[in-house]
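One structure below.
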């Protein structure tokens with residue numbers, strides 16, 4: 228039995244399914260989680276399907292369910308877009324009877340007692356994996372489900388800029404658009420922002436450069452307070468303030484997280500693989516868009532040296 232058939236068979240065998248994804252979600256996390264839950268509700272109306280986890284302003288229209296621990300007793304937990312324990316939102320996935328992970332990143336899993344670990348990094352987004360699964364199952368797909376799944380594809384590929392296997396991605400995009408995703412509404416969501424956020428962006432237009440033009444910012448907790456924004460809007464939301472500069476091949480945004488007593492690093496590159504550097508510090512992600520949780524500002528300096536060395540190597544290769 229191939230892995231997709233095994234997943235579908237397991238889904239069919241459970242009356243209660245609870246879907247998790249990573250904390251501080253991006254749209255691929257939300258899209259794969261809510262897209263899958265919507266698919267399952269529509270195709271298995273008698274099943275109890277729940278979604279759990281934290282939300283932020285990158286969550287589109289998603290809402291989460293407030294459920295008791297007892298619901299996990301005979302439940303299947305499905306975890307999308309993440310495979311490492313410290314990044315999963317709501318640790319109660321461990322209470323479920325069985326667990327399935329569906330992830331497109333290159334990280335190994337450290338989740339204990341996983342029934343199925345479906346990892347395929349040839350997909351550029353977790354939403355593509357869900358679309359492919361739905362296609363295999365011949366599920367009915369509503370416009371709502373299609374919107375979440377299309378949205379996750381669009382954002383995690385950088386508007387189809389960062390692709391693993393372009394033909395596969397565009398075939399799945401063509402397939403999901405048959406089900407009338409509300410593309411206009413979703414684009415309005417990702418391309419508009421509150422006036423407050425637009426005005427405060429000037430605070431984040433300044434950055435430093437390493438010797439080989441790695442751009443970076445260090446945001447303290449006070450910076451977040453002064454901006455009036457939430458953590459995610461500063462950490463992930465401002466990293467691309469340094470994007471699109473011809474001389475800058477790599478850029479990084481470091482933001483102090485007093486709740487975790489850590490520094491959250493977001494790393495981006497143009498045409499350079501940097502995910503191995505993120506993994507060196509316990510992180511992961513995509514080849515050119517990744518991140519890591521760092522212990523302190525000293526560790527920030529260490530990763531900046533590694534990123535600068537990678538930029539130096541790139542500089543030599545293009546001469």
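Numbering (the working numbering), first residue to last: 228 to 546.
Ideal placement from N, C-alpha and C gives every residue a C-beta, glycine not left out.
Supposed close pair residue i, residue j - CB separation, criterion 8 angstroms
i: residue 277; j: residue 298; result: 7 angstroms
i: residue 430; j: residue 400; result: Between residue 400 and residue 430 the Cβ distance is about 36 angstroms, and since that is not below 8 angstroms, they are no contact.
i: residue 538; j: residue 476; result: 5 angstroms
i: residue 482; j: residue 446; result: 4 angstroms
i: residue 243; j: residue 293; result: With 8 angstroms as the limit, residue 243 and residue 293 do not qualify as a contact, their Cβ atoms being about 15 angstroms apart.
i: residue 343; j: residue 230; result: 7 angstroms
Nearest residue (CA-CA) to residue i, options the options
i: residue 345; options: 453, 472, 233, 541; result: 233
i: residue 383; options: 302, 355, 456, 430; result: 355
i: residue 540; options: 240, 241, 441; result: 441
i: residue 438; options: 478, 425, 389; result: 478
i: residue 312; options: 444, 400, 341, 467; result: 341
i: residue 239; options: 267, 257, 506, 515; result: 267
i: residue 461; options: 503, 471, 490; result: 490
i: residue 289; options: 317, 398, 253, 323; result: 253
i: residue 485; options: 264, 451, 314; result: 451
i: residue 317; options: 433, 407, 245, 529; result: 245
i: residue 426; options: 412, 453, 275; result: 453
i: residue 545; options: 407, 531, 528, 498; result: 498
i: residue 319; options: 331, 295, 424, 310; result: 295
i: residue 269; options: 279, 361, 322; result: 361
i: residue 512; options: 448, 229, 279, 256; result: 256
i: residue 390; options: 530, 329, 236, 514; result: 514
i: residue 434; options: 470, 409, 339; result: 470
i: residue 473; options: 542, 493, 536; result: 542
i: residue 329; options: 258, 496, 300; result: 258
i: residue 506; options: 533, 487, 448; result: 533
i: residue 377; options: 394, 321, 535, 414; result: 414
i: residue 495; options: 412, 535, 487; result: 535
i: residue 322; options: 339, 300, 412; result: 300
i: residue 510; options: 310, 271, 448; result: 310
i: residue 468; options: 502, 488, 487, 424; result: 424
Residue i vs residue j beta-carbon contact at 8 angstroms
i: residue 248; j: residue 308; result: yes
i: residue 373; j: residue 327; result: no
i: residue 291; j: residue 250; result: no
i: residue 508; j: residue 528; result: no
i: residue 324; j: residue 351; result: no
i: residue 492; j: residue 518; result: yes
i: residue 263; j: residue 410; result: no
i: residue 375; j: residue 261; result: yes
Close beta carbons around residue i, own chain, < 6 angstroms, minus the five adjacent residues each side
i: residue 265; result: 371, 372
i: residue 353; result: 255, 259, 307, 308, 331
i: residue 551; result: The structure shown does not extend to residue 551, since the chain is modelled only from 228 to 546, so the question has no answer here.
i: residue 459; result: 251, 283
i: residue 463; result: 493
i: residue 448; result: 483, 485
i: residue 457; result: none
Contacting residues, own chain, Cβ-Cβ under 8 angstroms from residue i (five flanking each side not counted)
i: residue 465; result: 428, 431, 444, 446, 480
i: residue 407; result: 370, 373
i: residue 531; result: 437, 441, 443, 479
i: residue 500; result: 514, 515
i: residue 339; result: 321
i: residue 235; result: 360, 363, 364
i: residue 412; result: 374
i: residue 237; result: 303, 325, 327, 342, 343
i: residue 487; result: 520
Same chain, Cβ closer than 7 angstroms to residue i, neighbours up to 5 away in sequence not counted
i: residue 359; result: 399
i: residue 272; result: none
Proximity test, Cβ basis, 8 angstroms: residue i and chain D
i: residue 300; result: Annotation note: the requested chain D is absent from the structure, which comprises a single protein chain.
Assess, as a yes-or-no matter, whether the stretch 276 to 295 is touched by the stretch 336 to 353 under the definition of 3 or more beta carbon pairs within less than 8 angstroms. no
Report yes or no: do the stretch 363 to 382 and the stretch 318 to 336 share at least 3 C-beta pairs separated by less than 8 angstroms? no
Cβ contact check for the stretch 414 to 430 and the stretch 522 to 534: 3 or more pairs under 8 angstroms: Under the three-pair Cβ rule at 8 angstroms, the stretch 414 to 430 does not count as touching the stretch 522 to 534.
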